[in-house]
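Be aware that the sequence shown starts at 1, since it is given in full-length UniProt numbering, and climbs by one per residue.
Note that the Cβ used here is the ideal one computed from N, Cα and C, for glycine as well.
First up is the structure itself, then whatever we jot down about it.
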Amino acid sequence: MIVRDLGLADYAATYAAMQAFTAARTDGQPDELWLCEHPPVFTQGLAGRAEHVLDPGPIPVVATNRGGQVTYHGPGQIVAYPLLDLRRAGYFVKEYVYRLEEAIIRTLAAFGVTGHRVAGAPGIYVRLDDPGGHAALAGPQPGTNPFAGLGKIAALGIKVHRHCTYHGVALNVAMDLSPFSRINPCGYAGLRTVDLATIGVQVASSTVRAVLAQQLVALLAPHAR
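This is the structure:
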């Protein structure tokens, strides 16, 4: 897998480049992993509903063809775009999503943070009262808030075209979180969004980016565990 660091990259231009790469790629072409940060932008998924964009203000809203609802990208958030041929990799979309989430979980673990999955809500969450605790989530209970006591630290949204993936994952490191209050993050009203800095982990974005890249390259390989 070829890893490319795009630095601070315009979202719309990066989106167009991913589409062009995927449309033109050949069977023998190596997979790539693009890493970047974006200037402030809200992105809306295919199933996105306008009512989840509460007050965008001066921040642009870009419609995309990824799955999921609305999210926010901005400086201090590491975005990873795996451009992967799933047919060649030998696994299906459900396994691909699991591996993306696992890469985030292992990246967080490298900085003493425990990431959690929430059934039916792709992405990775942390316990606000104990970010490093290893107690498993009990799972959402009927009539209760499945996000009670949790903050979302990483979002996930993908597109698969002709067995090839684009879009990807976004991990919050040290960013201005206030734009998340202008939306219902990922379609969930009141969902709290956090970053590593919020939960007490002070680390350079470049350090997190290197760990995340290493985990994604390892876990997206055909026989990774």
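According to DSSP, residues forming a beta bridge with residue i
i	result
P82	L33
L216	Partner(s): none; L216 has no beta bridge.
D5	L35
T193	K152
Residues near residue i in its chain [Cβ-Cβ closer than 6 Å; skip 5 each side]
i	result
G45	R66, G67, G68, Q69, G157
M175	G74, G76, Q77, D195
G123	K152, A154, A155, L156
L137	H116
D27	none
L150	Y125
C36	L6, A9, V79
D55	R182
G48	Q69, V70
Cβ neighbours of residue i in the same chain (closer than 8 Å, five flanking residues each side left out)
i	result
H38	L8, A9, D10, Y11, T14, H73, G74, P75, Q77, V79
F134	Looking at the sequence provided, one finds His at residue 134 rather than Phe. Hits under 8 Å: T114.
V93	L86, I158, V160
M18	W34, Y81, L83, Y166, H167
L177	T193, V194, D195, T198
R4	E32, L33, W34, L35
F21	E32, L83, Y166
L128	G149, L150, G151, R192, V194, I199
8 Å contact criterion, which residue i and residue j should meet: CB distance rounded
i	j	result
V126	V194	7 Å
A155	C186	6 Å
K152	L191	6 Å
L100	H163	So it is not a contact: roughly 16 Å between Cβ atoms.
T107	V201	That pair is no contact at about 11 Å.
F111	V169	With a Cβ gap of about 16 Å, F111 and V169 do not count as contacting.
V53	V61	6 Å
P30	I2	5 Å
Member of the options whose CA lies at the smallest distance from the CA of residue i
i	options	result
Y98	A16, D55, A121, L6	A121
P82	V62, T64, A103	A103
P222	A213, G132, A89	A89
G57	F180, F21, L171, G48	F180
N184	A197, I2, F42, Y96	F42
Y188	P30, E51, M1, A109	E51
A119	P146, I105, D129	P146
T64	A16, F21, A109, Y91	A16
Nonlocal neighbours in the same chain, by C-beta distance under 7 Å from residue i, ignoring five residues either side
i	result
L219	R99, E102, A103
G132	G112, V113, T114
R25	C164
Y96	L86, T165
I105	G115, I124
Entirely enclosed beta strand (DSSP E) segments - the stretch 109-190, minimum 3 residues: DSSP runs (the beta strand (DSSP E)) wholly in the stretch 109-190: 116-118, 121-127, 150-161, 164-172.
As an exercise, report each continuous beta strand (DSSP E) stretch of at least 3 residues that is fully enclosed by the stretch 12-79, in chain order. 32-37, 41-44, 61-63, 71-73
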